Amino acid sequence: MASNDMVEIRWHGRGGQGAKSACLLLADVAGLEGKFVQGFPEYGPERMGAPITAYNRISEKRCSIHSNIYYPDYVVVVDESLLDNVDVTGGLKEGGAIIINTPCSPQEMRLRLGGWSGKVCTLDARRISEETLGRNFPNTPMLAAAVKVSGVLETERFLAHIEESFKHKFADKPQVIEGNMATLKKSMDEVQVG
Amino acid sequence: MSSRLSGNEAVAYAMKQINPDVMGAFPITPSTEIPEYFAQYAANGEVDTEFVTVESEHSSMSVCIAAQAAGARSVCATSSCGLALMYELLYVAASCRLPIALACVNRALSGPININNDHSDSMGARDSGWIQIYAENNQEAYDNFLMAMPIGEHLSVRLPVMTCMDGFITSHAVENIELLETEAVRRFIGEYNPENYLLKKENPLAVGPYDVSPYYMEHKVLEAEAMKAAKTRILEVAADFEKISGRRYGLFEEYRMEDAELALVLIGSSAGTAKAAVDKLREAGVKAGLVKIRVFRPFPGEELARALAGTRAVAVMDKSEGFSASGGPLFAETRSALYDLQERPYMINIVYGLGGRDVKTEDIEKVFARLAAIAATGEVGPLYTHMGQRSREEIA
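One line per chain: the protein sequences are A and B, in this order.
Start counting the first sequence at 1; every next residue gets the next number (the numbering used here).
Start counting the second sequence at 195; every next residue gets the next number (the numbering used here).
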C-alpha cells in the first residue's frame, strides 16, 4: 500500500522493446530531480517477444516497500497486442490513466479495455520513432507520454535532465542523442488524452 | 555523492573503488551484471585488477583461493547454482582462513529451475565457515561490501565474507544511493598485509595440505573461535563505517521494537516491505515491530534473545525451505537463541517468498493479525506454515 504522495507506474511490454530500459531511465531522471525512486523489472523466463512487466515508484520520501505494484496510478502499454493477453487495467486506480502505443484514438481503444472508465491516452510511438530515429524504438516515445500524462516530473526539467542522462548512457554514440530528444518532444506534443 | 544505481551496479562500483588484486569471474543470473560492469572497469583501465575469466564457479572460487593464499585481495560474485558449484571450495577458503569477499545475489536453487529470489542458496552455505551479511536494499548491498574486507582480513577473524542481496528485487532495482568518495573508501579499506602467504620468501608455507586427526579438530576449533570473534569485529567496523558514511549498522536492525509486543524476525528486502506494514499497524495502535537480521553468520543469538525478550508473540520468516520438517533455518536458530530466556514469547515460523513469490504489505499484516490472535488466546496453532502458496489451504 503506497502513500498518497507517491506515484506508481506499471509498464507492460514485450521482451526486446525497451520497457525495462524506459522504466530505469525514468527512475534515473526522477532521481536527478531529487525524488526518491524505484525502477525495477519483473522477470519470468525472459525471451524476445514475451510479455514483461516493469515498475516505477516515485515519491518525496524513500520507499522501503519492495513488492510489485498492484494498484498503479498509471499503466503504460508499450505493445498494443498485449491488450488481448494481459489484464492491463488490473488494479489501475480510478483517477489514474492508461497510456497505449497505438495509431488508434483513445475512443477506439476504450472499446477494447473491457469497461475501464478512467482516462485513456494513446500515442503512435512506432510512427514517431520511425520518423525521428529511423527505427521502431517504442520505449522512448512512451516514456515521454508517461511523463506528460502523469505530470510526475515537470516537462522542461525532465527534458533537460534526460539529456544529461543520455550523454552518460550514450557516451560512445552521441549521434543518437539528438534523435532521442526530438522523439521525446514530438511524443509529448502528440499524445492524445481521452 | 548521490546517485541512482541497481544493487548489482552498486556492488560492482564498490569493487571498483576497492580496486582488488584479482577477480574470479563467471556469470550466472542474477549476479551476471557484477562481473559485466567490472569487466568494463578493467578494460577501461579504471582498476588494476587481474580479471580472470574461467569456465565455472568451481574455478572462479579456486582462482580467488589461490590468489588470496598468494597474498592478493580477491573478489567474486555468484548466485544460486553457481554458489552450489562452489560448495567444496567455500569450505576450503574458510578453513584456509582466506578473507575473500564474495557478493552473493540470492536466487532460488534448482529444481525446479527458477531464476528468482529466495535465500536457499546462501542458507545452504550457512555452515561453510563464511561470514554472511545480508542487505535490505542497494545502499546496504554497497555498504556491506565495503565493510567485508576490514571485517574478514582482521587478525582476530581471517575468514571469508559473503555479502548477500536479494536477486532482482535488489540486484536489478534502480534506487537512490549515497556513494562514498573513492579516496575515502581506499582509506577505510586500507592495504592488505597478511602475516603469511604463499609467495613470502622469508617464510615459505604450504596452504591447504592434508590435515591428520591429531590436528584437524584443533584447526576447526580455531575456525570456530574466529567466527565468534567476528561479532566484535563486525561492530567495530560498523562504528568506523558510520564515521565516514553517517550510516549506522549493527548485527541486526530493530525497527519500532522499543515497546513491541508482536514482532517479526526476517532477512533482506522483505524487511523493507514489512516496515511499511509495521508503520500502518502502529498508526492503528498495534504494538508491532520487527528485527531485520543483517549478520546471519556469526549468528547474533544472545543479542536477539535480548531484543525479543519483551515481546509476546514472534513470527520468524524464512525465505528458504530447509526441508527439516520442523521449520526453516532462521526459525531454528532464533528459537534456539531464546531457549535460555526465563519468559519466552510464543513463536511461529512462516516460510515465504520461495522462487520469487512476491510479498506484499497486506501479507505481512496478515502475519501480525495471526500473532495478535496468538498473544490474545495463547493458542499457537500450526508451528510452521507456508505463506502465499495455493497448493494447500492458507494459514497465514
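Where is the CB? At the ideal position from N, CA and C, for every residue including glycine.
Remember, predicted model here, so these are calculated numbers, not experimental data.
Item, Value
"Name the chain A residues whose beta carbon is nearer than 9 Å to that of B:R442?", "None at all; the shortest Cβ gap to chain A is about 16 Å."
"Counting Cβ pairs, one atom from each stretch, are 3 or more of them under 8 Å apart for the stretch 471-479 of chain B and the stretch 312-332 of chain B?", "no"
"Using 8 Å for Cβ pairs, my map puts B:I153 next to B:L283. What's the rounded Cβ distance?", "The question about residue 153 of chain B has no answer here: the residues shown for chain B are numbered 195 through 590."
"If contacts are defined as beta-carbon pairs under 8 Å, then B:E598 and B:A204 qualify, I think. What distance do you get, rounded to the angstrom?", "This structure gives no information on residue 598 of chain B, because the portion of chain B shown stretches from 195 to 590."
"B:D453: which of B:A233, B:V480, B:P229 sits nearest, CA to CA?", "B:V480"
"Would you say the stretch 156-168 of chain A touches the stretch 49-57 of chain A, given that touching needs at least three Cβ pairs under 8 Å?", "no"
"How big is the Cα-Cα spacing for B:A590 and B:S463?", "At B:A590 the pLDDT is 49, less than 50, meaning the model places this residue with poor confidence; the figure from the coordinates comes in the next sentence. Approximately 20 Å, taken between the alpha carbons."
"Return no unless some Cβ of chain A is closer than 9 Å to the Cβ of B:P224.", "yes"
"Which residue marks the beginning of the alpha helix (DSSP H) containing B:N543, and which one marks its end?", "Where B:N543 is concerned, there is no enclosing alpha helix (DSSP H), although the beta strand (DSSP E) it sits in stretches over 540-545."
"Quick one: what's got a C-beta closer than 8 Å to B:N213's C-beta in the same chain, skipping five residues either side?", "V241, D242, T243, R380"
"So who's on the other strand from A:W11, going by DSSP bridges?", "A:A54, A:V76"
"Report the rounded CA-to-CA distance for B:V545 versus B:E377, giving the unit in angstroms.", "43 Å"
"What residue range is occupied by the uninterrupted beta strand (DSSP E) comprising A:A97?", "97-101"
"Give me the residue from B:T555, B:A499, B:Q536, B:A509 with the minimum Cα distance to B:S530.", "B:A499"
"DSSP state of B:R551, grouped into three classes?", "coil"
"Kindly list, in the order they appear in chain B, the residues whose Cβ is closer than 7 Å to that of A:G31.", "R198, N370"
"Starting from B:S253, trace the alpha helix (DSSP H) in both directions and tell me its first and last residue.", "251-263"
"Does B:N370 come out as helix, strand or coil in the three-state DSSP assignment?", "strand"
"Between which residues of its own chain and B:T247 is the CB-CB distance below 6 Å, once the five residues before and five after are set aside?", "A219"
"Any C-beta of chain B sitting closer than 9 Å to the C-beta of A:R47?", "no"
"In this structure, how does DSSP classify B:H313 when only helix, strand and coil are distinguished?", "coil"
"Return the Cβ separation of B:L296 and B:H252 in integer angstroms, given the expectation that the two are a contact with Cβ distance under 8 Å.", "The pair is not a contact, with the Cβ atoms about 14 Å apart (cut-off 8 Å)."
"Under 9 Å between C-beta atoms, does B:D315 make it to chain A?", "no"
"Check for me: the beta strand (DSSP E) holding A:K119 runs from which residue to which?", "119-123"
"On the DSSP letters alone, give me the boundaries of the beta strand (DSSP E) that B:C270 sits inside.", "268-272"
"With DSSP as the reference, label B:F446 as helix, strand or coil.", "strand"
"Tell me whether the beta-carbon of B:D337 lies closer than 9 Å to the beta-carbon of B:V299.", "no"
"What is the DSSP secondary structure of A:L153, reduced to helix, strand or coil?", "coil"
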